[in-house]
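**Q** Position 80 (the sequence shown) corresponds to 71 in our numbering; numbering is contiguous. Using N, Cα and C, we set each Cβ at its ideal position, and we do this for glycine too. Given the structure is predicted, the values throughout are model-derived calculations rather than measurements.
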Amino acid sequence: MPTQAEFAIQLLQWHKDVDRRLPWKEDKNPYKTWLSEIIMQQTRVAQGTPYYLKFVEAYPTITDLADAPEADVMKLWQGLGYYSRARNLHHAAKTIRDEFNGQFPTEYDDILSLKGVGKYTAAAIVSFAYGQEYAVVDGNVIRVLSRYLGITDAVDHSATQKLINQKATQLIKGSDPAKYNQAIMDFGATYCTPKSPDCTQCVFSEMCRAHNNGLVAEIPYKAKKIKKRTRYFHYLIIHDNNGNIIIRHRQEKDIWQSLFDYPCIEMETEDQLNKDSLEKYLSLTFGHKIREVKYPTKKYKHILTHQTLFGQFYHVEVDEITDISTPFLRVEKSDVESYALPVLLTNYLKDEEELTLFD
Ligand code: SF4
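1) Go ahead and label His297 buried or exposed: buried means 16 or more other beta carbons lie within 10 angstroms of its beta carbon, across all protein chains shown.
2) Which residue wins for smallest C-alpha separation from Lys16, given the options Trp68, Leu44, Tyr291, Ala49?
3) Skipping 5 residues on each side, what residues in its chain have a beta carbon closer than 8 Å to that of Ile87?
4) Residues in its own chain within less than 7 Å of Asp310 by CB, not counting five upstream and five downstream?
5) Is Tyr74 close to chain D, meaning its C-beta is less than 8 Å from at least one C-beta of that chain?
6) What would DSSP say about Phe195, mapped onto helix, strand or coil?
7) Have a look at Ser75 and Gln248 and give me their C-alpha separation to the nearest angstrom.
8) Quick check on this structure: which residue in Val108, Glu209, His202, Ala62 has the alpha carbon closest to the alpha carbon of Tyr330?
9) So does His230 have its beta carbon nearer than 7 Å to some heavy atom of the ligand SF4?
10) Hey, could you find the ends of the beta strand (DSSP E) Tyr139 is sitting in?
11) Do you know whose CA, among Asn203, Lys23, Lys290, lies nearest Tyr84's CA?
12) Just checking Cys255 against the ligand SF4 - is the residue's beta carbon closer than 7 Å to any of the ligand's heavy atoms?
13) List the endpoints of the continuous alpha helix (DSSP H) containing Val307.
14) Whose C-alpha, out of Glu48, Gly278, Phe224, Gln242, is nearest the C-alpha of Lys289?
15) From which residue to which residue does the beta strand (DSSP E) around Thr184 run?
Structure (structure tokens):
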């Protein structure tokens, strides 16, 4: 087994040839580092980069972000998913404005106390922006270290996580923290990948315990299997003769909190929504009588980490939309796209535009 220093030297040597130039690496601004880290969580760099650039342009400073209305922040985030990140980002910006005089904190514990910032993000910010010796431990780092060190215990157990954190803290010692952290994450993301890494060409092949013991496919081992939930959303596009439509502000603690969608009947099974249920829902929720219901559309599928969603859209004509109260809003149908909408709805709206269904 090479020493800690040798591990870091080999890693940094490998990274020299593959380091990517990314906009948020250009300066050591903690606000921009934080913004990029939150945006890039569970997001590919190619998808997240345009969002990072839009945010920096709209909100050049943390105070600009803190002062913005939440609806504007959510709208800018539209399409990126995991919307709690946007709400937490806005909340943390207000905390920094109000409790840290608008100055991004420099201490790890203060950064960790911000909403939406976990140990990984706090370590990334202090190492990238301030050069402090904190090791990042994300899924990529867990995979690299558990394979390299031959850790066969379940990585979703807290004792194993503690061990990996200790090893990560030892291995970063004496290196440039920003370069080391970037290198190990990039190594996990691009080389020591979950499936079929090219171990024979790897800089660590001689020393990697998982490779030498034929355990690469088994490590990292997880005890719990994630159970996916399937949900069926029947969206009602309720519109009247005056060009109005009903939308809903999602406020419950569920997916897409703070975003807007249409009134929805959710079902646990694939069954079609029958006319009786639809009429009952409309009269109980809005007191409206249906004039006409047009088709359900094709099924739109959207996959989240723990959920698979299917959405169908029903066009419901009523004479006049009245008596709308929270969480519903009556808006002009041409204004719908100015609200922050989940991807399932924007995908549907793209098709609707092509089919000009309301004409
Ligand atoms: S030898 Fe294979 S499993 Fe080990 S660190 Fe290299 S790529 Fe990962």
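**A** So, to answer that:
1) In the sequence shown, counting from the first residue as 1, residue 297 sits at position 306. Classification of His297: exposed, given that the 10 Å Cβ count is below 16.
2) Locating residue 16 in the sequence shown gives position 25, where the first residue counts as 1. If we check each option's Cα against that of Lys16, Leu44 comes out closest.
3) By 1-based counting over the sequence shown, the position of residue 87 is 96. For Ile87, where only same-chain residues beyond five positions count, the Cβ hits under 8 Å are Ile53, Ala57, Gly93, Gln94, Phe95, Pro96, Leu105.
4) Counting from one through the sequence shown, the residue named residue 310 turns up at place 319. Counting only residues of its own chain and dropping the five nearest sequence neighbours on each side, Asp310 has a CB closer than 7 Å to the CB of Asp231, Asn232, Arg282.
5) The structure shown has no chain D; it contains just one protein chain.
6) Your numbering for residue 195 matches position 204 in the sequence shown. In the structure shown, Phe195 sits in coil (DSSP, three-state: anything other than H, G, I, E or B).
7) Position 84 of the sequence shown, counted from the start, is the residue given in the question as residue 75. Position 257 of the sequence shown, counted from the start, is the residue given in the question as residue 248. Spanning the two alpha carbons is a distance of roughly 7 Å.
8) Counted from its first residue, the sequence shown places residue 330 at position 339. It is Ala62.
9) In the sequence shown, counting from the first residue as 1, residue 230 sits at position 239. In this structure, His230 has its CB at a distance of at least 7 Å from all heavy atoms of the ligand SF4.
10) Here residue 139 refers to the residue found at position 148 of the sequence shown. Counting along the chain, Tyr139 sits inside no beta strand (DSSP E); it lies in the alpha helix (DSSP H) bounded by residues 130 to 139.
11) Along the sequence shown, read from residue 1 onward, the residue named residue 84 stands at position 93. At residue 84 the sequence reads Ala, which differs from the Tyr that was named. Comparing Cα-Cα distances from Ala84 to each of Asn203, Lys23, Lys290, the minimum goes to Lys23.
12) Position 264 of the sequence shown, counted from the first residue, corresponds to residue 255. No, Cβ of Cys255 sits at least 7 Å from all heavy atoms of the ligand SF4.
13) On the sequence shown, residue 307 is found 316 positions in, with the first residue counted as 1. Premise fails: Val307 lies in the beta strand (DSSP E), 298 to 308, not in any alpha helix (DSSP H).
14) Within the sequence shown, numbered from 1, the residue matching residue 289 stands at position 298. Of the listed residues, the one whose Cα sits closest to Lys289 is Phe224.
15) Taking the sequence shown and counting its residues from 1, one reaches residue 184 at position 193. Under the DSSP assignment, Thr184 falls outside any beta strand (DSSP E); it carries neither an H nor an E label.
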